[in-house]
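Peer 1: Quick note on numbering: the UniProt record's numbering labels position 349 of the sequence shown as 349, and the sequence is numbered without any gaps. By construction, the Cβ of each residue, glycine as well, lies at the ideal position given by its N, Cα and C atoms. Being a predicted model, the structure only gives us computed values, none of them experimental.
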Amino acid sequence: MIPEQVLEVALKERIIFVMGDKDTGKTTFVLALANELFHQGFSVGIIDADIGQSDIGPPTTVGFGVVQTPLTSLCDAVLQSLYFVGSISPKGCLLPLVIGTRKMLDNALTQELQKIILDTTGLISGQLGRVLKTHKIQLTAPDVIVCLQRAGECEHILSAYHGFEKPIILRLLPPSQCRTKTISDRQSHRTKFFKRYFTEARLIHCSLEDIGVFDTHLFKGSALSEQRIKQLNQELRASIPVQTALPSQANPPTPVFPQILWGEILGREIAIVTSQKLKYQQMMRLKTVLGESSYIKNSTPEDYRNLLLGLLDHNGACCALGILRTLDFAAKQASIFTCASPQEIAAVQFSGYTYEYS
Numbered sequence: 001m002i003p004e005q006v007l008e009v010a011l012k013e014r015i016i017f018v019m020g021d022k023d024t025g026k027t028t029f030v031l032a033l034a035n036e037l038f039h040q041g042f043s044v045g046i047i048d049a050d051i052g053q054s055d056i057g058p059p060t061t062v063g064f065g066v067v068q069t070p071l072t073s074l075c076d077a078v079l080q081s082l083y084f085v086g087s088i089s090p091k092g093c094l095l096p097l098v099i100g101t102r103k104m105l106d107n108a109l110t111q112e113l114q115k116i117i118l119d120t121t122g123l124i125s126g127q128l129g130r131v132l133k134t135h136k137i138q139l140t141a142p143d144v145i146v147c148l149q150r151a152g153e154c155e156h157i158l159s160a161y162h163g164f165e166k167p168i169i170l171r172l173l174p175p176s177q178c179r180t181k182t183i184s185d186r187q188s189h190r191t192k193f194f195k196r197y198f199t200e201a202r203l204i205h206c207s208l209e210d211i212g213v214f215d216t217h218l219f220k221g222s223a224l225s226e227q228r229i230k231q232l233n234q235e236l237r238a239s240i241p242v243q244t245a246l247p248s249q250a251n252p253p254t255p256v257f258p259q260i261l262w263g264e265i266l267g268r269e270i271a272i273v274t275s276q277k278l279k280y281q282q283m284m285r286l287k288t289v290l291g292e293s294s295y296i297k298n299s300t301p302e303d304y305r306n307l308l309l310g311l312l313d314h315n316g317a318c319c320a321l322g323i324l325r326t327l328d329f330a331a332k333q334a335s336i337f338t339c340a341s342p343q344e345i346a347a348v349q350f351s352g353y354t355y356e357y358s
């Protein structure tokens, strides 16, 4: 049930921004409001920017959906477009999250929907929450903010707007029946959504030379030659002190050292893929050889296995998600588990989030 004072304002205004701490009933409120506005005869769009607990589009994305029939869940909204953020938390990706929310709003405005409701993450505390919500409000310019709060926890964000005509700010207490979701509950929600999302997926092969590559340090510079990699591997071997046999040992243990599999250089940045992570003294040895001012980014093949990817179409829109299965660095070939066809993909967007679909 939507409070009368909220419904009265919502009937007059277009863009409605819903915010509050986690477990305050934001999604339930958005669902009820969307249904009520749809019942009143309005065309309604919903932007789901809750990247960790997404209902419209998979987790790690900002999704835009349209209400075409009464909803029993936000999942029932008909998906129109996605923006891949590549994380289940706003921390470390504030800029992509804010940009993605704005891009989905632009899509909704293009469709000339009469009502647009924005659902957001529960990050509202501290400077991080203030920066995120303030800039998201600034960029989306809502007509109304509906804030669900228990004890003024959002006032450090809302107080800055008290002299403005808009956004109109409406404060509500969370429903008493709000259930606290455990970490396990949240993980379970993501697992179920991903499992359903990738049901029809298959393995495809892409040449990364033929498409764009975003949000990774890989494939941006000049590849190190085989001869140069061989020299650097010799330096790594030399960085490991020779071990002598103990009195009880016939032979000293054979040292194990990382093997450089791929490397590239861009200015002072050097990306090196090794069979195992480099230790501190090995990194220092390479810096001595490559230049003290160089910045070495070290990764292993394991770092890329089951990495979640955003797949972009020829218009630059996210057409699907994919799971990176294998990556041949030298050949620039990727095996991706996805519902998209190779012909659809104009670029891949890397992330720091892994998901193992079985």
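Using DSSP bridges, identify the partner residues of aspartate 215.
Peer 2: None, per the DSSP bridge assignment.
Peer 1: Rank Gln53, Leu33 and Tyr197 by C-alpha distance to the C-alpha of lysine 22 and give the top, closest one.
Peer 2: The residue with the shortest Cα to Cα distance from lysine 22 is Gln53.
Peer 1: Ends of the alpha helix (DSSP H) at isoleucine 88?
Peer 2: Per DSSP, isoleucine 88 belongs to no alpha helix (DSSP H) and is neither H nor E.
Peer 1: Between which two residues does the alpha helix (DSSP H) containing aspartate 210 stretch?
Peer 2: Premise fails: aspartate 210 is in no alpha helix (DSSP H) and is neither H nor E.
Peer 1: Excluding the 5 residues flanking serine 130 on each side, which residues of the same chain have their C-beta closer than 7 Å to its C-beta?
Peer 2: The sequence as given places arginine at residue 130; serine does not occur at that position. Once the five neighbours on either side are set aside, the close Cβ partners of arginine 130 are His156 and Ile157.
Peer 1: Taking Cβ to Cβ, would you say threonine 120 is nearer than 9 Å to methionine 19?
Peer 2: For threonine 120 and methionine 19, yes; Cβs fall inside 9 Å.
Peer 1: For glutamine 333, write down the residues that DSSP places opposite it in a beta bridge.
Peer 2: Per DSSP, Ser207 and Asp328.
Peer 1: In the DSSP output, which residue or residues are listed as bridge partners for lysine 115?
Peer 2: BP columns for lysine 115 point to Val44.
Peer 1: When you compare the segment 179–193 with the segment 320–332, are there three or more beta-carbon pairs, one atom per stretch, that lie closer than 8 Å?
Peer 2: The answer is no - the segment 320–332 does not touch the segment 179–193, with fewer than three Cβ pairs under 8 Å.
Peer 1: Along the chain, which unbroken stretches of the beta strand (DSSP E) at least 3 residues long are found entirely within the segment 126–202?
Peer 2: Fully enclosed beta strand (DSSP E) runs of 3 or longer: 144–148 and 168–172.
Peer 1: Using the three-state DSSP reduction, which class does glutamine 276 fall into: helix, strand or coil?
Peer 2: Three-state result, glutamine 276: coil.
Peer 1: Report all residues from its chain with a CB closer than 6 Å to the CB of proline 142; omit the five preceding and five following residues, and keep chain order.
Peer 2: Correct list, in chain order: Ile15, Phe17 and Pro167.
Peer 1: In terms of DSSP beta bridges, what is glycine 63 paired with?
Peer 2: The partner list for glycine 63 (beta bridge, DSSP) reads Asp48 and Leu82.
Peer 1: Span of the beta strand (DSSP E) holding glutamine 231?
Peer 2: Here glutamine 231 belongs to no beta strand (DSSP E); instead the alpha helix (DSSP H) covers 226–238.
Peer 1: Helix, strand or coil for phenylalanine 17? Go by DSSP, reduced to three states.
Peer 2: Here phenylalanine 17 sits in strand by DSSP.
Peer 1: Please list the terminal residues of the continuous alpha helix (DSSP H) segment that includes glycine 100.
Peer 2: Unbroken alpha helix (DSSP H) run through glycine 100: 94–110.
Peer 1: Please list the terminal residues of the continuous alpha helix (DSSP H) segment that includes alanine 10.
Peer 2: Its alpha helix (DSSP H) spans residues 4–12.
Peer 1: If you count every other CB in all the chains shown that lies within 10 Å of the CB of arginine 102, and 16 or more means buried, which is it?
Peer 2: Answer is buried; the Cβ neighbour count reaches 16.
Peer 1: Quick one: any contact between the segment 222–229 and the segment 78–92, if contact means 3 or more CB pairs under 8 Å?
Peer 2: Not touching, per the Cβ criterion.
Peer 1: Who pairs with valine 348 in a beta bridge, going by DSSP?
Peer 2: The partner list for valine 348 (beta bridge, DSSP) reads Val213 and Leu311.
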